[in-house]
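So in UniProt numbering the end of the sequence shown lands on 115, straight run, no missing numbers.
C-beta: ideal position from N, C-alpha, C; glycine also.
Keep in mind it's a predicted model, so treat the numbers as computed, not measured.
Heads up: the structure comes next, in structure tokens.
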Amino acid sequence: MRPVSIRWVTNQRTRWGSTTPARGSVRISHQLWEVPDYVLDYVIHHELCHLIEASHGPRFRRLEARYPHAETARAYLAGYAHGRGQDPEEPFEDSPEESSPSSPEDGSSESAPSS
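Here it is, written out as structure tokens:
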């Protein structure tokens, strides 16, 4: 499946991103507006992998590992989460189905704020 949309959202407080495979939609948390590009690219890659494999099983992990900076990006996100008082593993542990909004009106923002 190809992604239909990838967009910023402001209603995700405990997840870096979420995917609805049936719709091909990917949402990225506004909390990542300021992270380095390689980290944002990794989160997008992670969410796109859910279009191929919904669960975080071995097949998913093989797909995810294809991103060349995956290990470094995961370490960055773990430190970032820790600094925010979050469990470093929690933002990627929800299944894509659980993280899907119930309607298109999900409090999202189409673009990052101007700097």
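- Cβ-Cβ separation between R15 and S29: approximately 6 Å, consistent with a contact (criterion under 8 Å).
- For W8, DSSP records a beta bridge to I28.
- Following the DSSP letters along the chain, one finds T72 inside the alpha helix (DSSP H) bounded by residues A70 to G83.
- Listed in chain order, the non-local C-beta contacts of H45 below 6 Å within the same chain comprise Y67, local neighbours out to five positions each way being set aside.
- Of the residues assessed, A81 falls on the buried side of the cut-off, its CB having 16 or more other CB atoms within 10 angstroms.
- Taking a C-beta distance under 7 Å as the contact criterion, T19 and E47 qualify as a contact pair.
- Apart from sequence neighbours up to five positions away, the residues of its chain that approach H69 with a beta-carbon distance below 7 Å are Y38 and Y42, ordered along the chain.
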